[in-house]
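Shown next, in structure tokens, is the structure this report addresses.
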Amino acid sequence: MIETTTNWFAACRVEDAVENGGVCVKCGDEQIALFYFTRRNEWYATQNLCPHRQQMALSRGMIGSVGEDPKIACPFHKKTFSLSTGECLSGDECAIQTYPVKIEDGLVYIGLKN
């Protein structure tokens with residue numbers, strides 16, 4: 109079994125995050141959408157690239173819930189994705205990449221695998 113290492117990078121300070129919304133964070137050449145779902149007191153990170161339009165836009169989408177599953181709706185075509193798993197909730201075969209998030213000493217960290 110191959111073990112993967114998570115590299116954590118500081119994305120922003122907690123107080124700089126958008127409440128009940130998203131922000132785009134750049135890590136090297138990668139754009140990551142970071143979401144602070146204050147109603148649930150939860151943090152999520154996904155790829156920022158919309159798999160349908162191939163545009164960096166998911167961080168500008170609206171967050172909500174489908175049952176207990178938190179979701180993001182693309183601002184262009186309203187296709188929805190699970191913030192927990194990345195699964196498309198609109199019936200399409202595509203999915204988005206998700207990343208772990210942790211909070212330490214007032215900073216928001218996003219984890220990337222090696």
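Here the numbering used here = 1-based position in the sequence shown + 108. Glycine included, every Cβ here is placed at the ideal spot set by N, Cα and C. These figures come from a predicted structure and were not determined experimentally.
Asked                                                                                             : Found
Nearest neighbour of M170, chosen from Q162, A181, H160 and E176 [CA to CA]                       : A181
Buried or exposed (CB count within 10 angstroms, at least 16 for buried), N149                    : exposed
Inter-residue CB distance, A165 and F184 (contact presumed, cutoff 8 Å)                           : 6 Å
Separation of E201 from R121, as counted between CA atoms                                         : 35 Å
Touch test, the stretch 122-129 against the stretch 153-164, Cβ-Cβ under 8 Å, three pairs minimum : no
For I211 and R168, the rounded distance between their alpha carbons                               : 22 Å
H160 beta carbon near the ligand ADP (any heavy atom closer than 7 Å)                             : You won't find the ligand ADP in this model; it holds no ligand whatsoever.
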